[in-house]
Amino acid sequence: IEAENRRLAEKVGKTKTVLGTLITGAPEMVKVARTIERVANTDASVMLLGASGTGKELLARGLHDASPRRGGAFVAINCAAIPENLLESELFGHEKGAFTGAVKTTEGKIEAAHNGTLFLDEVGDIPLALQVKLLRFLQERTIERIGGRKAIAVDTRIVCATHRDLDAMIGEETFREDLYYRLNVIEIPLPPLRDRMDDIPLLVRHFIEKFQRELEKPIDRLSDEAMKRLFEYPFPGNV
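Counted from 1, the sequence shown has number 732 at position 187 by our numbering; the numbering is strictly sequential.
This is the structure:
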C-alpha cells in the first residue's frame, strides 16, 4: 500500500477543486459538479442526498455562485438544529408582538434569501404542520410572517439536503408527498468518502497546507504509515 500511496501522492500535483471550493478528483464528484453547473441557470429546486460530511452545503453554495442569483444572498439553515417551536419563525419571520418576546419585526430566512438561494439542510426534520406552510410558499411564492396578515412576494430558490429516506417517511406519513415533489425537481446523490478513496491524498494536502498556515508548523507530508491508516479507515463522518 505504500507504493500505492506514493503513486496517488504523485498523481495529486496541485489540489483539485470543482465549483470553486469542493476538493475532489473523483469522477463521481466531478460528474456531480457538472450536473450542478448545468442546472445552476434554472430556477428548479434541487435536492442533495448524502450522508453528513459529503459536502452538501459546499455544493449548494457552489450552485448559487454559478447561478444568475449569485448577486443575491446565500442563506443556509439546518432544520434539525432548531427547536420545532422556533423553526417557523426562523423560516418565515414574525411581526412585532406576534408572541411573547417578539419585540421587533424580524424577517425569516426565506425572505432574507430574496433574489438568492435558501439552503434547507436536513429538510426531513421539518415538522408536518410547517411542511404545509413551506408547500404553500413553493406554490404561491408568497409568505406571511407569524402574526402578519400581509402576503409578501418572495423570489427565492430552494436547495435542500437530507440524509434521511424521504420515500420511507412518505410511506410513514411523516413527510408530505406533494412537498417532496416540489423540492425534488432535480435529485443529486453524493457518494460517501469511502467510495472515492482517491480523494484522500487531495484532502490530506489541503488540510496540511491549512494547518501549516494556522499553526505555523513545518509539516509537509504524512508518513506512509499514517496514509495507510487513512486508507484503512471507513470514514463514517466523511470529510
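We put the CB at the ideal spot given by N, CA and C, even for glycine.
Linking Ile-671 to Ile-703 through their CA atoms gives a straight-line distance of about 14 Å. The alpha-carbon separation between Gln-676 and Ile-688 amounts to approximately 13 Å. Among the bridge pairs identified by DSSP, Arg-702 is matched with Thr-662. For Ala-621, the beta-bridge partners assigned by DSSP are Phe-664. In this structure, Phe-637 lies away from Leu-673, with their beta-carbon atoms at least 9 Å apart. Under the 8 Å Cβ criterion, the segment 571-580 does not count as touching the segment 705-713, having fewer than three qualifying pairs. Collapsing the DSSP output to three states places Glu-732 in a strand. Around the C-beta of Gly-565, fewer than 16 other C-beta atoms lie within 10 Å, and the residue is accordingly described as exposed. Taking the C-beta atoms as reference points, Thr-569 is found nearer than 9 Å to Leu-747. In this structure, Asp-666 places its C-beta atom within 9 Å of the C-beta atom of Ala-625. His-708 sits close to Gly-669, with the two beta carbons spaced by under 9 Å.
Between Leu-604 and Val-584, the CB-CB gap reaches or exceeds 9 Å. Within the segment 589-619, the complete alpha helix (DSSP H) runs of at least 4 residues fall at 601-610.
Assignment of beta-bridge partners to Leu-567 by DSSP yields Val-563. The C-beta distance from Leu-724 to Leu-680 rounds to 5 Å, short enough to fall under 8 Å.
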